[in-house]
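A.B. asks: Chains as they are written, first to last, in the working numbering: chain A, 1 to 466; chain B, 1 to 131.
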Amino acid sequence: MSPDLIDLSYLLAASLFIIGLKGLTKPRTAVRGNLLSALAMLIAVAATLRHQDIVGVTGLLIAVGIGSFVGTILALKIEMTAMPQLVALFNGLGGGASVLVAGAYLAGKEFSARVASGACFTDVLTATAASGLIGAVTLSGSLVAFAKLQELKFVKDVSFPGQKLLNLFLAVGAIGLGWMLVTQPEHAQAWYWVMACVATGLGILLVISIGGADMPVVIALLNSYSGLAASATGFVLNNNLLIIAGALVGASGLILTRIMCKAMNRSLGAVLFGTMQSGGTSLSDEEVYTSVRSTSADEVAMMLEVSQNVLIVPGYGMAVAQAQHAVRDLTNLLLNRDVDVQFGIHPVAGRMPGHMNVLLAEADIDYERLKEMDEVNSTMDQVDVAIVLGANDVVNPLARTDPNSPIAGMPIIDVDKARTVIVIKRSLSPGFAGIANPLFAADNTLMLFGDGKKAITEITKAFDDA
Amino acid sequence: MLFSILAVQETVAEVDGTVETLAKVVSAVTEAVPQSGGAAHLILLLTVFVLAVFLGIEIITKIPPTLHTPLMSGSNAISGITLVGAVLATGADNGPWATILGFSAIVFATMNVVGGFVVTNRMLAMFRTKK
Numbered sequence: 001m002s003p004d005l006i007d008l009s010y011l012l013a014a015s016l017f018i019i020g021l022k023g024l025t026k027p028r029t030a031v032r033g034n035l036l037s038a039l040a041m042l043i044a045v046a047a048t049l050r051h052q053d054i055v056g057v058t059g060l061l062i063a064v065g066i067g068s069f070v071g072t073i074l075a076l077k078i079e080m081t082a083m084p085q086l087v088a089l090f091n092g093l094g095g096g097a098s099v100l101v102a103g104a105y106l107a108g109k110e111f112s113a114r115v116a117s118g119a120c121f122t123d124v125l126t127a128t129a130a131s132g133l134i135g136a137v138t139l140s141g142s143l144v145a146f147a148k149l150q151e152l153k154f155v156k157d158v159s160f161p162g163q164k165l166l167n168l169f170l171a172v173g174a175i176g177l178g179w180m181l182v183t184q185p186e187h188a189q190a191w192y193w194v195m196a197c198v199a200t201g202l203g204i205l206l207v208i209s210i211g212g213a214d215m216p217v218v219i220a221l222l223n224s225y226s227g228l229a230a231s232a233t234g235f236v237l238n239n240n241l242l243i244i245a246g247a248l249v250g251a252s253g254l255i256l257t258r259i260m261c262k263a264m265n266r267s268l269g270a271v272l273f274g275t276m277q278s279g280g281t282s283l284s285d286e287e288v289y290t291s292v293r294s295t296s297a298d299e300v301a302m303m304l305e306v307s308q309n310v311l312i313v314p315g316y317g318m319a320v321a322q323a324q325h326a327v328r329d330l331t332n333l334l335l336n337r338d339v340d341v342q343f344g345i346h347p348v349a350g351r352m353p354g355h356m357n358v359l360l361a362e363a364d365i366d367y368e369r370l371k372e373m374d375e376v377n378s379t380m381d382q383v384d385v386a387i388v389l390g391a392n393d394v395v396n397p398l399a400r401t402d403p404n405s406p407i408a409g410m411p412i413i414d415v416d417k418a419r420t421v422i423v424i425k426r427s428l429s430p431g432f433a434g435i436a437n438p439l440f441a442a443d444n445t446l447m448l449f450g451d452g453k454k455a456i457t458e459i460t461k462a463f464d465d466a
Numbered sequence: 001m002l003f004s005i006l007a008v009q010e011t012v013a014e015v016d017g018t019v020e021t022l023a024k025v026v027s028a029v030t031e032a033v034p035q036s037g038g039a040a041h042l043i044l045l046l047t048v049f050v051l052a053v054f055l056g057i058e059i060i061t062k063i064p065p066t067l068h069t070p071l072m073s074g075s076n077a078i079s080g081i082t083l084v085g086a087v088l089a090t091g092a093d094n095g096p097w098a099t100i101l102g103f104s105a106i107v108f109a110t111m112n113v114v115g116g117f118v119v120t121n122r123m124l125a126m127f128r129t130k131k
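(1) Please classify A:A323 as buried or exposed, where buried requires at least 16 neighbouring CB atoms within 10 angstroms.
(2) Determine contact between the segment 216 to 234 of chain A and the segment 183 to 201 of chain A, defined as no fewer than three beta-carbon pairs at a distance below 8 Å.
(3) Mind listing which residues of the segment 77 to 98 of chain B have their C-beta closer than 8 Å to chain E's C-betas, in chain order?
(4) Work out the CA separation of A:P84 and B:V84 for me, nearest whole Å.
(5) For chain A, check one thing: does any of its Cβ atoms lie closer than 7 Å to the Cβ of B:T110?
(6) Please state the DSSP three-state secondary structure of A:G317.
(7) Going along the chain, which residues of the segment 139 to 152 of chain A sit with their C-beta nearer than 7 Å to a C-beta in chain B?
(8) What are the start and end residues of the beta strand (DSSP E) that includes A:I422?
(9) Using a C-beta to C-beta distance shorter than 7 Å, which residues of chain B count as neighbours of A:E362?
(10) Do we get a CB-CB distance below 7 Å when we pair A:G354 with the residues of chain B?
(11) Which residue's Cα is closest to the Cα of A:L206: A:L181, A:K164 and A:G178?
(12) For a contact meaning CB atoms closer than 7 Å, what does A:P27 contact in chain B?
(13) Evaluate B:T142 with the Cβ neighbour count: other Cβ atoms within 10 Å of its Cβ, from every protein chain shown; 16 or more gives buried, anything less gives exposed.
(14) Hey, how far is the Cα of A:S2 from the Cα of B:G38?
(15) For A:A386, does the three-state DSSP call read helix, strand or coil?
(16) Under 7 Å Cβ-Cβ, which residues of chain B neighbour A:T72?
(17) Given a threshold of 16 other Cβ atoms within 10 Å of its Cβ, counted over all protein chains shown, does B:I43 qualify as buried or as exposed?
(18) So, is B:F49 buried or exposed, given that buried needs 16 or more other C-beta atoms within 10 angstroms?
(19) With burial defined as no fewer than 16 other Cβ atoms inside 10 Å of the residue's Cβ, what is the status of B:P34: buried or exposed?
(20) Got a sec? Which residues, its chain only, sit under 7 Å from A:S184 by beta carbon, not counting five neighbours each side?
(21) Given a limit of 7 Å on CB to CB distance, which residues of the segment 39 to 52 of chain B reach chain A?
(22) To which residues of the same chain is A:P314 closer than 6 Å at the C-beta, ignoring the five residues directly before and after it?
(23) Would you list the one or two residues that DSSP bridges to A:N34?
(24) Here's the rule I'm using: 16 or more other beta-carbon atoms within 10 Å means buried, otherwise exposed. How should B:T21 be labelled?
(25) Could you tell me whether any Cβ in chain B is nearer than 7 Å to the Cβ of A:T48?
(26) Considering B:M72, what are the terminal residues of the alpha helix (DSSP H) in which it resides?
(27) Between the segment 420 to 431 of chain A and the segment 387 to 406 of chain A, can you find at least three pairs of beta-carbon atoms closer than 8 Å?
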C-alpha cells in the first residue's frame, strides 16, 4: 500500500472517530456511534499493517490476539457497579502503551540513524519526552485509582507533611530529565527511562491522597491525559491520526473534569492537592441531630400511596448496596398505580461521571426518567415524596445556607424543598465532606435506617400488599 | 611497535568505512522517510492538534450527562489509537529491544481498544426508552 493510500485511510478513520463521537450526543444513535469508532480503529490498524516498513505480521497478530482476548473477557465479565475501576484500568493501559511506543521509537533504527546524522530534531525529541512523561503519570495514576476504587487493602490514603513539595520536586525533576533527553539525544534512552520512573512516582503520589467523592474528577482528568499522551506519540511518529484522535479524547476528558469541578464548586487545584476547606463554624453532630425522626417501610409505603410525584435521588450508596434492581421494581409498581417517578441525578453522584445513569439503565429504567439537577430543582415544590438513597453531601442544604461550610456554594439537589423527604441510610455518619447534614433533622424529613437494597425491597413489598 | 601502528591504521580505516556506510544509510533513510524536522512541519502538526481540540470541545459539550460514562469508556478506547504507533514500532525491523517494547505496547493498547469498545457497546445497549 502506498504511503498516500495509508494516509487517506487515516483521514477516513479520523472522520469516522468524529462522526462516532457525534453519535454519542443522543442515546438513540449512541450504539451506532460507538460501532463507527470501532470501525475507524479497525481501518487504521489494517492500513498500518500494509505499511512498507512492516516486515513480520505474525508477531503483531499474536500481540493483537492476546490483547483482544483479555480486553473482551474483562469487558464482558465486569459488573456494572465496577465500571469506574475498569475505566481507570483501561486508561492506565492506554498511558502505558504511549510510554512503550515512545521508548520503542528511541530504541529503533530510524532514531539511531538520525542521531548519527547529527540532524537537529528537537521537536520529535520533545514530543517523545512528553509522550513518556504524560503516559507514565497516566499509567501509575490510573492504576492507583483502580486499586482505590477496587478497595484493594494494600492501598491506603497516604498524606504526609511536605507531600505537595515532593510532588512539585518530582514534577520539576521529570521535566528536567525530559530536557536532558532533548539536549543529549545520544543518551536519549537512559534519560527517557529515568524520566519515566520519576513520572511513575509522581503519578502514584498525585492520586494516592485523593479519595472518595473526588474520584470522578481524577478519572476524568486521567482520561484526558491518556488522550494527550496519544497525541504526543502522534507528534513523535509524525502521524496525524494519532494527533487528532488523542486531541478529541484530551478535549473530552478536560470538559468532563470541568463539569465535575463545577458540580462540586471546587477548583481543579484543590482536588488535586487534596485541600478541603475545613468547616470552622459548622455545627457538631449533637447540635444538628437533635430532632431526627426515623420511620418504617410500612409508613413510607403509606405515604407513597397518597403521592402523585415521587423523586428518587441516588448516590454512591445505591451502587454499594447494588440496589438498582430493587429501585426498578419499586419504580414499575409506582408507575402502574399512576404515581409519577423521576430520578434526580447530581453530576458527581457516584465515583465517575454518569455512574448513576449507567446503573439505572442496567436495571432497565427508562433514561427519560433520569433528570439533571437543574431540571428537578425547578419542579421540586411539586414533589410529594423525595427518596434519598445513599446520597449525602449532594443534598446537604448547608451548601446554600452556611458560607463557611466546606461545601459552601456547591450546587445541590434541593430535596429539602419537597413536601416529604425519606432518607435511606445506614446511619447518621457524614459523607465525604465530613460534615453533619441538617436535612436529616429537618421537619419534613424521615430517616429510614438500613441497607439500601433491603429498605427499597421492603417498601415495595409493603406498597404491593396495601 | 610497527604492528600496533598498523593495527591503529587498520582501525582508522575501518572506522572511516563505518562512517561512510553510516552516512550512506542516513542519506537513504532521509530520502525514504519524510523529514519531520523544520518549524513549518511542526506548525502544521500543531495546527491539526489545536483544531482537533476545538472540534472535540464542540462535540463533547453536546453530550448529555446520562451518557457521560459511555463517553469516558468510548473515548478511552479511542485513545488506544496508540496501537497504530505500537504496530509501526514493532513491525519494522528495529532490533529485539524495540520489538519487545512494541509487542507489550500492542498488548496494552489492544486491551484498551477492544475492551473499551466492547464495554461501551454493552453499556449503551442498556439505554432504552419505553415508548
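Beta carbons are placed, not taken as given, at the ideal position from N, Cα and C, and that holds for glycine.
C.D. replies: Judging by the given coordinates:
(1) When all chains shown are included, A:A323 counts as buried.
(2) Here the segment 216 to 234 of chain A does not lie against the segment 183 to 201 of chain A, with fewer than 3 beta-carbon pairs under 8 Å apart.
(3) Chain labels in this structure do not include chain E; the protein chains are A and B.
(4) Between B:V84 and A:P84, the alpha-carbon positions lie close to 26 Å from each other.
(5) By this cut-off, B:T110 is an interface position.
(6) Correct three-state label for A:G317: helix.
(7) Hits within the stretch: zero.
(8) Looking at the DSSP string, the run of the beta strand (DSSP E) that includes A:I422 is T420 to K425.
(9) Under the 7 Å cutoff, chain B gives M126.
(10) It does; some Cβ of chain B falls within 7 Å.
(11) Of A:L181, A:K164 and A:G178, the residue nearest in Cα terms is A:K164.
(12) Within 7 Å Cβ-Cβ: T66, L67 and F127.
(13) As displayed, chain B neither begins before 1 nor continues past 131, which places residue 142 of chain B out of reach and without an answer.
(14) Rounded to whole angstroms, A:S2 to B:G38 spans 24 Å at the Cα level.
(15) If DSSP states are grouped into helix, strand and coil, A:A386 belongs with the strands.
(16) Going along chain B in sequence order, the residues near A:T72 (Cβ under 7 Å) are V114, G115 and V118.
(17) By the neighbour-count rule (16 or more Cβ atoms within 10 Å), B:I43 is not buried but exposed.
(18) The residue is buried, with at least 16 neighbouring Cβ atoms inside 10 Å.
(19) Caution applies to B:P34, whose pLDDT of 47 falls short of 50 and renders its modelled position unreliable; the model cannot decide the point.
(20) Checking the displayed sequence, the identity of residue 184 of chain A turns out to be Gln instead of Ser. Around A:Q184: W191.
(21) If the cut-off is 7 Å between Cβ atoms, the segment 39 to 52 of chain B has L42, L45, V48, F49 and A52 near chain A.
(22) In the same chain as A:P314, and ignoring 5 residues on each side of it, the C-beta atoms closer than 6 Å to its own belong to M356 and L389, in chain order.
(23) Under the DSSP definition of a beta bridge, A:N34 lacks any partner.
(24) Residue confidence for B:T21 is low, a pLDDT of 48 falling below 50, so the modelled location carries little weight; the figure read from the coordinates is stated next. The residue in question, B:T21, is exposed, as its Cβ has fewer than 16 Cβ neighbours within 10 Å.
(25) Yes, A:T48 counts as interfacial toward chain B.
(26) Unbroken alpha helix (DSSP H) run through B:M72: H68 to S79.
(27) At 8 Å Cβ cutoff, the stretches touch.
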